[in-house]
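Chains as they are written, first to last, in my numbering: chain A, 1177 to 1285; chain B, 10 to 123.
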């Protein structure tokens, strides 16, 4: 069935550095979503992408919907300690949505 | 500050018991989702409703799970009988529109079945 891969699985960065993570699949999607989850809480929607090639920003976050519709990336610029958490991508195709396994981000002050 | 609420936040029960989890979506949202999160399987969509009608429950084990939306302010997820493998965090989320975007997640119900 459909499956999403996220890389890297985890990353440790210095405060102030830029971060890049991506999400790939062998299947096409017509929506890509990025969420952040803090421990003990529900995911928070960061960015939603609706068409191939779309590039969308939300503050220091930028995400793109891949041209092939099989991938998406998320960039975080000038990381800060509160960026720590698990970042999930999700692909939507009509009435289905699947989530990736997540990228765990740690920020070293 | 509108938010999705879920009750209970924690539930410990014995195998074979019935478990009911409740969710109050954000007022005005027309789509309600139920998810399950485990370390092994990650975040999985179990079922969702639009305008209170069930749209997709293909992710839900039908023999023991049931989801309902008796009114626009309440969604329920029931497990009967519960099994240890049902131990997980169950999230409710809501959104507005025609797609599968969960705009706001609740805090989750952590279920432990012994």
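Every residue, glycine too, gets a C-beta built ideally from N, C-alpha and C.
* Per the contact definition of three or more C-beta pairs closer than 8 Å, is the region 1213-1230 of chain A in contact with the region 1186-1197 of chain A? -> no
* Reduced DSSP category for residue 1258 (chain A) - H, G, I as helix; E, B as strand; rest coil -> helix
* To do: Report the three-state DSSP secondary structure of residue 1285 (chain A) (helix, strand or coil).
  => coil
* Asked: Under the three-state reduction of DSSP, which class applies to residue 93 (chain B): helix, strand or coil?
  -> helix
* Assuming residue 56 (chain B) contacts residue 65 (chain B) under a Cβ cut-off of 8 Å, what Cβ separation, rounded to an integer in Å, is found between them? -> 6 Å
* Can you tell me whether DSSP reads residue 115 (chain B) as helix, strand or coil? -> coil
* To do: Evaluate residue 1231 (chain A) with the Cβ neighbour count: other Cβ atoms within 10 Å of its Cβ, from every protein chain shown; 16 or more gives buried, anything less gives exposed.
  => exposed
* Would you identify the three-state DSSP class for residue 9 (chain B), choosing helix, strand or coil? => Coverage of chain B is limited to positions 10 through 123, which leaves residue 9 (chain B) absent and any answer about it impossible.
* **Residues of its chain near residue 74 (chain B), where Cβ-Cβ distance is below 6 Å and the 5 sequence neighbours each way are ignored** => 88
* To do: Determine whether the Cβ of residue 1224 (chain A) lies closer than 7 Å to any Cβ atom of chain B.
  => yes
* Top-ranked residue by Cα proximity to residue 1282 (chain A), from A:1243, A:1181, A:1248 and A:1192 -> A:1192
* Asked: Is residue 66 (chain B) near the ligand COA, with its Cβ less than 6 Å from a heavy atom?
  -> Summarising the ligand content, the structure contains no ligands, and the ligand COA is consequently not present.
* Asked: Can you find a C-beta in chain A that's less than 7 Å from the C-beta of residue 120 (chain B)?
  -> no
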